[in-house]
Amino acid sequence: VLWEVTLENKGLSSSDIRDSMVKDENWEEFVPSSVAKLMNEWDIAQRLKKISSK
Numbered sequence: 002v003l004w005e006v007t008l009e010n011k012g013l014s015s016s017d018i019r020d021s022m023v024k025d026e027n028w029e030e031f032v033p034s035s036v037a038k039l040m041n042e043w044d045i046a047q048r049l050k051k052i053s054s055k
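In the working numbering, the protein residues as written are 2 to 55.
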């Protein structure tokens, strides 16, 4: 079933997480630990910083 949800009721988005990573803010508590582990192993934060500086 699909339904519309207002922006206020959606909570965090993946964009919020990526923005936090680029700004060196805490993001790991907002994702499952397995996701945080892989994101760190793959150095995703650094990759995002590199992309955003272009």
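The beta carbon of each residue, even a glycine, is placed where N, CA and C say it ideally should be.
As the crow flies, the alpha-carbon of residue 41 is around 33 Å from that of residue 5. Spatial neighbours of residue 9 in its own chain (CB-CB distance under 6 Å, excluding positions within 5 residues in sequence) are not present. Here residue 29 carries a helix assignment [DSSP, helix/strand/coil].
Taken through DSSP and simplified to helix, strand or coil, residue 55 comes out as coil.
Counting the other CB atoms within 10 Å of its CB gives residue 28 a total of 16 or more, which places it among the buried residues.
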